[in-house]
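All remarks here apply to the structure that follows.
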Amino acid sequence: MATAGKVIKCRAAVAWEPSKPLVMEEIEVAPPQAHEIRIKIVATGVCHTDLYHLFEGKHKDGFPCVLGHEGAGIVESVGSEVTKFNPGDKVIPLFISQCGECRFCKSPKTNLCEKGWASDRYDVMSESDTRFTCKGKNVLQFMGTSTFSEYTVVNEIAVAKIHPSAPLDKVCLLGCGVATGYGAALNTAKVEPGSTCAVFGLGAVGLAAVMGCKNAGAKRIIAIDINPTKYEKAKVFGATEFVNPKDHNKPISQVLSEMTNGGVDFSLECVGSVAVMRSALESCVKGWGVSVLVGWTDMDDFAARPIQLIAGRTWKGSLFGGFKSKDGVPKLVNEYLEKKVKLDEFVTHNMTLAQVNDAIQLMKTGDCIRSVLSVALQ
Ligand code: NAD
Ligand code: ZN
67 MATAGKVIKC
77 RAAVAWEPSK
87 PLVMEEIEVA
97 PPQAHEIRIK
107 IVATGVCHTD
117 LYHLFEGKHK
127 DGFPCVLGHE
137 GAGIVESVGS
147 EVTKFNPGDK
157 VIPLFISQCG
167 ECRFCKSPKT
177 NLCEKGWASD
187 RYDVMSESDT
197 RFTCKGKNVL
207 QFMGTSTFSE
217 YTVVNEIAVA
227 KIHPSAPLDK
237 VCLLGCGVAT
247 GYGAALNTAK
257 VEPGSTCAVF
267 GLGAVGLAAV
277 MGCKNAGAKR
287 IIAIDINPTK
297 YEKAKVFGAT
307 EFVNPKDHNK
317 PISQVLSEMT
327 NGGVDFSLEC
337 VGSVAVMRSA
347 LESCVKGWGV
357 SVLVGWTDMD
367 DFAARPIQLI
377 AGRTWKGSLF
387 GGFKSKDGVP
397 KLVNEYLEKK
407 VKLDEFVTHN
417 MTLAQVNDAI
427 QLMKTGDCIR
437 SVLSVALQ
């Protein structure tokens, strides 16, 4: 490899400050150090968590950064001590690491590896260390990945090697949104056959949750969104009924309770709003209802009456769908290749990295499910 061991200059979309459009810049990407892998990013999705950091969280110490955490690419070169990856391997960078050695990795109960940015940098949402510079400044790697760049460097504990025939412009969605929603239904809620489920928010995360409920054998899947253009897509993934909270002049939890003789068995919040989180909990049936928080927010406290939990409901959260990342993602890629998991149906727009601000705008206005950007040529 002509570039191995050298700094690569390449194109990236830099977020210089919160709430401003991203700027296409030439950045320098340092060679991978011990245990690191430099990846040529071929394709990336745009996820609402990118928008959250840019427009909602706005943590000033989290900038400048390169956003993007739902990508797929090809190994360009590896640092010393890397034995399980080679140049040319197809890979997905992971925003949750799996070191395999910490007490969390050793427990079957969680996927929260204690290494990597996600263990303690929820506010800044980036590694403290970065391999990127631009115009003489360090540029942070958002969620440890930064897929809005032609090249990125990621520690091997946060890279999944995937099947060589996987189409990167589809399986990139398993780097975040689809794995997240799908796993939240299967691994965290543990949806049961014959059950009644409610999914709040029908972006890619919510639609993947619908797909998870369906694959788990749910009988009724009630899809809820304030944007009715999402219902047709929800049908494709298995939703059986649709509710628009705006069509009712009573709380959505009451509407769902009346539809289901007392509440749903499982609810999943895929919006990122504390008010919707409360509604999702209150939509569950007493005695055994389980509600899972999937939407991302760390800005406001949430509230609920204690009786909701005293009466037997369970409130849980899910990061990356509960999947142990390095083990789970290659399996999900294989399930896509075996047609057990849908991906193509999530992609509503194909664009280039230079059009990233248009893709962000489409998500802001609710006019897309997933935009997939082509980044570097394969
Ligand atoms: P998206 O913007 O594509 O979808 C959100 C959907 O919610 C939209 O269809 C919108 O119309 C709908 N919505 C908004 N307000 C609503 C309300 N009051 N009631 C019902 N529906 C409402 O976003 P996405 O990419 O699918 O992500 C969804 C959420 O999941 C975001 O908060 C994102 O940050 C989060 N997320 C969490 C994880 C995790 O690991 N927990 C991973 C990825 C994304
Ligand atoms: Zn995401």
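Residue numbers are given in our numbering: position 227 of the sequence shown equals residue 293, and the series is strictly consecutive. Even for Gly, the Cβ is constructed at its ideal location relative to N, Cα and C.
Candidates the options, of which the one nearest residue i by Cα
i, options, result
"GLY267", "PHE198, MET209 and ALA341", "ALA341"
"LYS382", "LYS408, CYS350 and LEU160", "CYS350"
"VAL219", "ALA109, CYS238, THR196 and CYS200", "THR196"
"SER440", "HIS415, GLN427, GLY432 and ASP433", "HIS415"
"CYS44", "ALA250, ASN253 and CYS279", "What is shown of the chain runs 67 to 444, which leaves residue 44 out entirely."
"GLU180", "GLU167, ALA226 and PRO174", "GLU167"
"SER212", "PRO311, ASP235, ALA78 and LYS390", "ALA78"
"TRP82", "GLN427, ILE318, HIS119 and MET365", "HIS119"
"LYS203", "VAL321, ASN423, LYS352 and GLU92", "GLU92"
"LEU240", "LEU252, ALA251 and ALA226", "ALA226"
"CYS434", "LYS72, VAL112, PRO97 and MET191", "VAL112"
"GLY387", "LYS86, GLY137 and ASN177", "ASN177"
"VAL422", "PHE161, ALA109, SER231 and GLU411", "ALA109"
"PHE303", "LEU117, ARG169, GLU122 and LEU273", "LEU273"
"ASP155", "SER231, ARG436 and LYS72", "SER231"
"PRO98", "THR363, ILE74, CYS200 and MET417", "ILE74"
"ARG371", "THR363, GLY355, SER391 and ARG344", "ARG344"
"LYS430", "GLY283, HIS114, GLN207 and VAL80", "HIS114"
"ASP364", "MET90, HIS125, SER215 and VAL321", "HIS125"
"ASP127", "ASP367, PHE214 and VAL205", "VAL205"
"ASP331", "PRO317, LYS301 and LYS285", "LYS285"
"PHE198", "TYR188, ASP186 and SER215", "SER215"
"GLY134", "GLN444, LEU443 and ALA425", "ALA425"
"ALA377", "TYR402, PHE389, GLY328 and ALA300", "GLY328"
"LEU443", "LYS201, ASP235, GLY123 and SER194", "ASP235"
"VAL144", "THR69, TRP183, GLU404 and ASN253", "THR69"
Residue i beta carbon near ligand 2 (any heavy atom closer than 7 Å)
i, result
"THR473", "Outside the modelled stretch of the chain, which goes from 67 to 444, sits residue 473, for which no answer is possible."
"LEU115", "Position check: residue 115 holds Thr in this sequence, whereas Leu was assumed. Checking the Cβ of THR115 against ligand 2 gives yes."
"CYS242", "yes"
"HIS119", "no"
"GLU136", "yes"
Beta bridge counterpart(s) of residue i as assigned by DSSP
i, result
"TRP381", "SER357"
"PRO159", "VAL225"
"ALA460", "Shown here, the chain extends from 67 to 444; a query on residue 460 therefore has no answer."
"CYS171", "Beta-bridge pairing links CYS171 to no other residue."
"TYR219", "Per the sequence shown, the amino acid found at residue 219 is Val instead of Tyr. Beta-bridge pairing links VAL219 to ARG104."
"VAL340", "DSSP, once it has assigned bridges, lists no residue as partnering VAL340."
"THR262", "ARG286"
"HIS135", "In the DSSP output, where bridge partners are listed per residue, HIS135 has none listed."
"ASN204", "THR199"
"THR110", "GLY137 and LEU439"
"THR414", "Its beta-bridge partners do not exist; DSSP assigns none."
"VAL95", "ILE74 and PHE198"
"VAL407", "In the DSSP output, where bridge partners are listed per residue, VAL407 has none listed."
"PHE12", "Absent from the structure is residue 12, since the part of the chain shown begins at 67 and ends at 444."
"LEU334", "VAL265 and VAL358"
"GLU307", "ILE288"
"CYS434", "DSSP lists no partner for CYS434."
"SER345", "Looking at the DSSP assignment, SER345 forms no beta bridge with any residue, so it has no partner."
Check: residue i C-beta below 7 Å from any heavy atom of ligand 1
i, result
"CYS44", "Residue 44 lies beyond the stretch modelled for the chain, which goes from 67 to 444, so this question has no answer here."
"ASN423", "no"
"ASN293", "yes"
"GLY338", "yes"
"VAL144", "no"
"LEU183", "Here residue 183 turns out to be Trp, not Leu, going by the sequence shown. No, ligand 1 has no heavy atom inside 7 Å of this Cβ."
"MET343", "no"
"SER384", "yes"
"TRP362", "yes"
"LYS352", "no"
"PRO311", "yes"
"VAL271", "yes"
"MET417", "no"
"LEU268", "yes"
"ILE290", "yes"
"GLY328", "no"
Whole-Å CB distance - residue i paired with residue j, under 8 Å assumed
i, j, result
"ILE105", "TYR217", "7 Å"
"GLU142", "ASN221", "In fact, because the Cβ distance is near 15 Å, the residues do not count as touching under 8 Å."
"VAL237", "ILE158", "7 Å"
"ILE287", "ASN310", "About 16 Å; that fails the 8 Å criterion."
"GLU335", "LEU359", "5 Å"
"SER333", "SER357", "5 Å"
"VAL413", "VAL438", "5 Å"
"ALA282", "ALA251", "6 Å"
"CYS131", "SER185", "Not confirmed; about 18 Å, so no contact."
"SER391", "ILE162", "5 Å"
"ALA270", "VAL244", "6 Å"
"PHE121", "SER85", "6 Å"
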